[in-house]
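Input: a single structure, listed below in C-alpha cells.
Protein chains: 2
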Amino acid sequence: MTRLFNDPAAFADEMTQGFADAASRWVQRIPGGVVRSTRSEDQQVALVIGGGSGHYPAFGGLVGPGIAHGAAMGNLFASPSAHQVYSVAKAADQGRGVLLSYGNYAGDVLHFTQAQDRLNAEGHDVRTVLVTDDIWSAPRERIDQRRGIAGDLAVFKVAGAAAEAGYDLDGVERVARLANARTRSFGVAFSGCTLPGADAPLFEVPEGRMAVGLGIHGEPGIDEVDIPTAAGLAEMFVTKLLEELPDGVSLGGARVVPILNGLGSVKYEELFVVYRTVHRLLAERGAVVVEPEVGELCTSFDMAGCSLTLLWLDEELETLWTAPADTPGYRKGSVAPQRHVEVHVDAADEEQPIGPASDESRALGRAIADGLDAVAGALDDAADDLGRMDQVAGDGDHGIGMQRGSRAARDAAHRAVDGGAGARTVLAHAAEAWSDKAGGTSGAIWAEILRTVGEALGDESTADAAAVATGVTAAKDAVMAFGKAKVGDKTMVDAMVPFADALAAAVAGGRGLADAWDRATTGAEGAAQGTADLVATLGRARSHGEKSIGTPDPGAVSFALVCRTIHRTLG
Amino acid sequence: MTRLFNDPAAFADEMTQGFADAASRWVQRIPGGVVRSTRSEDQQVALVIGGGSGHYPAFGGLVGPGIAHGAAMGNLFASPSAHQVYSVAKAADQGRGVLLSYGNYAGDVLHFTQAQDRLNAEGHDVRTVLVTDDIWSAPRERIDQRRGIAGDLAVFKVAGAAAEAGYDLDGVERVARLANARTRSFGVAFSGCTLPGADAPLFEVPEGRMAVGLGIHGEPGIDEVDIPTAAGLAEMFVTKLLEELPDGVSLGGARVVPILNGLGSVKYEELFVVYRTVHRLLAERGAVVVEPEVGELCTSFDMAGCSLTLLWLDEELETLWTAPADTPGYRKGSVAPQRHVEVHVDAADEEQPIGPASDESRALGRAIADGLDAVAGALDDAADDLGRMDQVAGDGDHGIGMQRGSRAARDAAHRAVDGGAGARTVLAHAAEAWSDKAGGTSGAIWAEILRTVGEALGDESTADAAAVATGVTAAKDAVMAFGKAKVGDKTMVDAMVPFADALAAAVAGGRGLADAWDRATTGAEGAAQGTADLVATLGRARSHGEKSIGTPDPGAVSFALVCRTIHRTLG
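Protein sequences, first through last, are from chains A and B.
Start counting the first sequence at 1; every next residue gets the next number (full-length UniProt numbering).
Start counting the second sequence at 1; every next residue gets the next number (full-length UniProt numbering).
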C-alpha cells in the first residue's frame, strides 16, 4: 500500500515536483509534465510519451538522450489532459516534428488525439503510434484494440534511438510501428496496489492465486489459477508468447529481447529466478537473446505482479535497441571502451584433496559422518525455534543458517567418507561445506570448530578421548580468538567454554568419552538455558513496546543442542 | 512476500544464475559470486564487494565498469563464506591489489577477514574498508561499530571510480575510507519481507506505525512511532542527519549527495513525494545538492521501508561520485555530449482570456458556478460508490476522477466569475480545469459537455430554456462523435441520449427549464439504474470466480447524478 503522502489530492503534483528535483540532470518540469533539460547538437524529431502517473519509470523517467524528449504526466492512473499533452509536445518540438507514443487506453487516446489535432492545426507535424502489446486484452483478430503495458519500453526505446540517430519523422514513425508490431507481453498479478489515501486495494486476488492477463491498473484478467513455481510461470509466459510470433518472425535463429518486468513488489531476486528459466526456454526453442532487461520498467505502485515482454528484432531494430540511452529510469551505454573477457577459475581452487588415511581413522570418519546425520536432523527440528529466538535481537536467520550448514556438512562428510577420507579430512570437508552454505557468523564459527577438532584427530592415528578433548579445547580457543567474544557476552562462547573445560577435566580424571561428554553437555545446557531465559524476557519486553539493541544470540542454545545430539550417538 | 520460487533451498543459487544470464554484458558467474565479464585497457585495483543476497542491486548488480570488479554473493541474508570471498577476490585481482568493501556485520567481517588473510598469505595485496553508515545502530562514540546499509553505494561508487581512474591501492583505500567517514544514513520500516518458502515475515510493525532505525535484515530499531506524512518523514530524516555532520563539514555551501533508497515496496512515487521535501530542506539549510539518487539501490526483498543517505563531498569525492558507471543495477554517464537548456513555456498558452460579457450572462455564469458547487458536493459524496462500481470492469478510478474534475471545474468557474466572465467563458474555464485535473476518458467527455453547452449560451445573450436544450443536444452529438459510443454500449451515452432528447422535446412542448430538466433527468435515471443493475450482476459473477472483460462503466450513473443535482439548483 501507499503509506507516504501528504494530501492525497496533491500527490501527483508533489510527486512530479520531487521527480523533477531529483532528475534535473535530465528533465525540466513544465506545465503538463516534463521535457529534457539537455539538448544535443543536432535537431531531432521529438518523441513525446505519456500516460497516467503511478507507473515509474514510465513515463517521466524515460525522458532523456536516447529515449523520449518529453512526457505528459497525468494524475494517478488517469490519462493526461489534452492540454497537458499539447503543452509538453509543443515545448518538445525542435522543428522536425513530434511522434506521440503511448499505451492504448481510451482516455489517453481521447486526450492525445485532441492535442494532436490542435498541434497539427497550428502547423506542427505530429503523428501517433499506439502501443498494443498486451496479448490478453484482445484476441489477435483485434490486435489494434489491445492495451499497452511494459512493451511501452520497447517501442519508446526504438523510436527514441531513431530520433537520436537523426531519422526524420517518417522514419521514426516507421520503426516505432515496426517495434510495436514485433512486441508482445503477458502479465500476471497476485495483489493490487492501494492508491494514496485509499482504504482498500484497487483489486484483490485470493491468497495463493494468480490473475492471468490482468492489466496494470487492475483491469480484469482472463483467468485465475494457483500460483505456479517460478519455473512454471516462466514456462507459461514463454509457451504462450511463442504461440503468437509476429509476422515475418520464425523461431530458428530469431533474435529477441526479453523484458521481464516487475510491477512493484515482485522483487528482483524472484524475477531473476523466473528469468533463469525464461532464458533457458528461449535458447531451447532456437531464439537468440539480445540485451535482456530484468527489473522494474513499468510499475503500478506496489502491485504484486510481473510480465514478460518479447521484442523480436530485425537488424535495424537491434541497432536501435542496443544504442545508448541516458534517462532517469533507464540508462544504457558504455563508460569507456571495454573488451569482453572470459574469466577462468582454476578448478584446483575448488576441491580439497583426499589424502591417505589409516583404517581406524576412516572408521572414525564414518562415525563422524553418522554423527552429522543426527546433528542435521536435530537442527532441522529446532530450526523454527532457533529462528524465533534470533528474531528478538538479530535477523532471525540463526535457525535456517544452522540447518543449511549442518545439512551441507553432513553431505560433504559422507562424500568424503565415500572417497576414503580419514577423520581430519572428513571434518575439513564438512567444515568447508558448512561455511559455504550457511554463511553468516555461525557458519564461520562452526567451520572453525570442525576444522580444529579434525586437526587434533588427524587422518592416521586412532583417536582417543584425550585427542577429542584436546581438539575441543583448541576449537574453543580458536573461536574465542576469531569472534573476540568472552563468556557473558551472550554468544555461543557462554556454552562452549564450560563445555570444553568440563570435557578436558573429566577426560583428565579418567572418564570415558561418552561419560565425559555427557557431563560437559550438562554444563553447556545450563548456559544455554540462561540465554534462552534472557531471550524470552527480552521478547516479552519488546512485545510490550520496549526496544533495545541487545546482543543475546541463540548460539549457546544450538551449541548445547549439537553437543547433546552427539552424546546420543556416542552411546 | 516472496511468491515466485522453485525449491526454497535452491533460491539463492537459481537467483544468481538468472542474474548472470540476464547480465552477461557486465558479469560472469564464478564460484562464490560474479566478476566483470569485461576488461578495460589498463590494469586496475580491483574493488570486491559482497554480502548476503536479497538486497539487489547490492551486491552483484554493482559489478561493472566504474564500480566493482567482483561481488561475493552469499545465501539469502547470510554473509558469503570465506571460500566464496577468496574465490571472487582472487579472480578479480588484476595484479594491482584488491580492496574489499562491505557493510559491517559480524558474519561478513569474519568471512571476509579469513579470505583476506589467506589472500595476503598467498601474496595478494588485499585491504578492507567497512561501510558503517547507519546512525541508529550505534552511538557516535562507537561509530566504527555501526552497520552498513544504503551508504554502501556511496562508498563503492567512490572507490570504484578511483580504481577506474587508475588510483593505486593506497589511493583507492584512502578515498573509500573518506567516503565512509562522510556518509550517514537513517532508515525506517513499515513491514518486513517474507523469505522464499517462509510462512511469516521476518518481523512485523503494527499497522499505521513505523519502526525507526530498523536494520535492513529486520534488526531491531530504536523507536516506533505513528507513520508521519511524507513531509514529516523528510523532516525527521534531514533534521537528524544534519545533527551529525562529519568532521570537516559545515553546512553553508556544503555539497551533498542525497540517496533516498526504497527497500522494496515503498515505491518510486512515494519516494519522490518524500524527496521533494528533502530537497527543499537541504537547500534551506544551505547545502548544495549534487546528483541525487532516488530509487531502489539497496533492497530487502519486498520490505516496506526507506532510508535517506547523505554523502558529504569534497572536490575529489565529487569528481568520483559524478564519474560514469555502467553496471547491471546502477548506470551513470552521458550518451553523447549534451548541453543543458532551460525550456521556456509561453505563459500565454496557459491562460484563457476573459472577454467582455453582458450583465445577464455574468449572472448566469454565477448561477452556473453555484450549480457546480452542488455538483462537486454530490460527486464527493458518491465518489466511493462510483469507484466500487468501476472496479467491476474498469480500473476503479471513475469516482475519484469525477471528484477531482468537478472540484477543479467549480474552483475555475468561481475564479472566472470573479474575473467578470459570462456564461460561455465560465463554462470554458470549468471545462479546461475538469479535463486537466481529472484526466481520463470521463475528464475529456465532461470538458466537451461543458464547453459545448457554453458555446450555446454565449457571453452576451440572455440564455433561455431553448438555448440550454440546444446546447445539451450539441453536447450529446459531440460526445457521441468523440467517444464513438452508441446507446446500449453501457457508457454515459446510454443516459445522455434520452436526457438530451427528452429535454429538447419538453422545451419544444413549452415547458419551463426546471420542469423539462426534471422530466429529462427521470429518463437518465432509468438508464443509470440499468447500468447499476448490470454492474451489480457482473460483480456477483466475478466474486463467484467468473471473469470477463466487460464494458459497463458507471458514466451513466454519474451523469444522472449530475443532472439530478443541477435540477435541485434550478428550483
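No residue lacks a Cβ here, since even glycine has one placed at the ideal position from N, Cα and C.
Keep in mind it's a predicted model, so treat the numbers as computed, not measured.
- The DSSP-derived three-state label of B/Thr-229 is coil.
- Apart from the 5 residues on each side of it in sequence, B/Gly-419 sits with its Cβ closer than 6 Å to the Cβ of Ile-354 in its chain, given in chain order.
- The alpha carbon of B/Ala-416 has as its nearest neighbour, out of B/Ala-431, B/Met-402 and B/Gly-405, the alpha carbon of B/Ala-431.
- Three or more beta-carbon pairs separated by less than 8 Å link the region 305-316 of chain A to the region 187-197 of chain A, which places the two stretches in contact.
- Note on geometry: alpha-carbon atoms of B/Ala-433 and B/Glu-460 lie some 23 Å from one another.
- Put simply, the backbone Cα of A/Asp-395 is about 14 Å away from that of B/Gly-51.
- Bounds of the alpha helix (DSSP H) holding A/Met-402 are 398-418.
- Nearest Cα to A/Asn-261 within the set A/Glu-293, A/Arg-564 and A/Val-249: A/Glu-293.
- Partner residues in the beta bridge of B/Asn-261, as assigned by DSSP, are B/Gly-295 and B/Ser-307.
- Contact between the region 170-180 of chain A and the region 196-212 of chain A is absent: fewer than 3 CB-CB pairs across the two stretches fall below 8 Å.
- Around the CB of A/Ser-101, 16 or more other CB atoms lie within 10 Å, so the residue is classed as buried.
- Here A/Ala-413 is not near A/Leu-457, since their CB atoms are 7 Å or more apart.
- Residue contact check for A/Ser-435 against chain B: a CB pair falls below 7 Å.
- Distance between A/Val-225 and B/Gly-248, taken at the CA atoms: about 59 Å.
- In the DSSP secondary-structure assignment, A/Glu-235 is not bridged to any residue.
- Residue pairing by DSSP places A/Gly-371 opposite no residue, since no beta bridge is assigned to it.
- Sorting B/Gly-510, B/Ala-106 and B/Val-426 by C-alpha distance to the C-alpha of B/Pro-356 places B/Val-426 at the top.
- Going by C-alpha positions, A/Lys-490 is about 14 Å away from A/Ser-442.
- Annotation: the continuous alpha helix (DSSP H) that includes B/Leu-503 extends over 493-508.
- Leaving aside the five residues that flank B/Gly-166 on each side, the residues in its chain whose CB is nearer than 8 Å to its CB run, in chain order, Asp-42 and Gln-44.
- Proximity of B/Leu-561 to chain A, defined by a Cβ-Cβ separation below 7 Å, is not satisfied.
- Cα atoms of A/Trp-321 and A/Ser-87: separation of roughly 28 Å, rounded to the nearest angstrom.
- Separation of the CB atoms of A/Leu-251 and A/Arg-285 is rounded to 6 Å, and the pair is thereby assigned contact status at 8 Å.
- Apart from sequence neighbours up to five positions away, the residues of its chain that approach A/Gly-401 with a beta-carbon distance below 8 Å are Ala-438, Gly-439, Gly-440, Ser-442 and Gly-443, ordered along the chain.
- A/Val-487 is positioned such that its CB atom lies no closer than 7 Å to that of A/Val-472.
- Within the region 68-138 of chain A, the complete alpha helix (DSSP H) segments of 4 residues or longer fall at 82-92 and 106-121, listed in chain order.
- A residue is called buried when at least 16 other Cβ atoms come within 10 angstroms of its Cβ; B/Pro-80 meets this threshold and is buried.
- In this structure, B/Phe-237 keeps its C-beta atom at 7 Å or more from the C-beta atom of A/Phe-19.
- Ranking A/Gly-148, A/Phe-156 and A/Gly-215 by CA distance to the CA of A/Arg-184 puts A/Gly-148 first.
- Assignment of B/Lys-437 by DSSP, reduced to helix, strand and coil, places it in the helix class.
- At least one C-beta of chain A is nearer than 7 Å to the C-beta of B/Arg-3.
- Under a 10 Å Cβ-count criterion, B/Val-341 is classified as exposed, with fewer than 16 other Cβ atoms of the shown protein chains found around its own Cβ.
- For B/Phe-559, there is no enclosing beta strand (DSSP E); the enclosing alpha helix (DSSP H) covers residues 555-570.
- Within a 10 Å sphere around the beta-carbon of B/Asp-464 sit fewer than 16 other beta-carbons, which makes this residue exposed.
- Excluding residues up to 5 positions away in sequence, Gln-43 lie with their Cβ nearer than 8 Å to the Cβ of A/Gly-95 in the same chain.
- The contact set of B/Ala-230 on chain A, defined by CB atoms closer than 7 Å, consists of Leu-4, Phe-5 and Asn-6 in chain order.
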